[in-house]
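Below is one structure, written out as structure tokens, with a few remarks after it.
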Amino acid sequence: MAALVAKLYVGGFALPLALMLPAFVFLVVGMLKQQRDEKPVEFADLEEWQREDLKSLLESGQYGTAVRQVQLWFRGTSHERAEEIVQRLT
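For the sequence shown, the positions run -16 to 73 when our numbering is used.
Here it is as structure tokens:
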């Protein structure tokens, strides 16, 4: 945002670029930190209400929806890992 304001008022190229560089660095550092902090989801990570939701989906024959729901609750979880968790409820 500061880079856009600087471009409008100053009109130069160097100042907006200098303001965008730290933003890019912070973005990359934040993404790397988030990726490093993630741990694989375990069956024990499910709360009781989540287990009940998954059981009701399985009872109505919606296995694929249950797997996808685990992936929505736990971002970054692979399809295979979500399937393993749902299998433990069957």
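C-beta atoms are modelled at their ideal positions from N, C-alpha and C, and glycine is treated no differently.
Cutoff 6 Å; reference Q54; Cβ partners in own chain excluding five residues on either side: Mapped onto the sequence shown, residue 54 falls at position 71. Excluding positions up to five away in sequence, the list reads T60, A65.
Counting C-beta neighbours from all protein chains within 10 Å, is the total for V8 16 or more, i.e. buried, or is it exposed? Here residue 8 refers to the residue found at position 25 of the sequence shown. Exposed, since its Cβ has fewer than 16 Cβ neighbours within 10 Å.
With DSSP as the reference, label L48 as helix, strand or coil. By 1-based counting over the sequence shown, the position of residue 48 is 65. Looking at the sequence shown, residue 48 is not Leu but Thr. T48: helix per DSSP, three-state reduction.
Rounded to whole angstroms, what's the CA-CA distance from W32 to A1? Just pull it up for me. Reading the sequence shown from its first residue, position 49 is the one you call residue 32. Reading the sequence shown from its first residue, position 18 is the one you call residue 1. Between W32 and A1, the C-alpha separation is close to 49 Å.
Hey, quick one: how far does the alpha helix (DSSP H) through E66 stretch, first residue to last? The residue given as residue 66 occupies position 83 in the sequence shown. 62 to 70 is the extent of the alpha helix (DSSP H) around E66.
I68 to Q17, Cα distance in whole Å? As a first step, residue 68 must be located in the sequence shown, where it is residue number 85. As a first step, residue 17 must be located in the sequence shown, where it is residue number 34. Distance between the alpha carbons of I68 and Q17: 23 Å.
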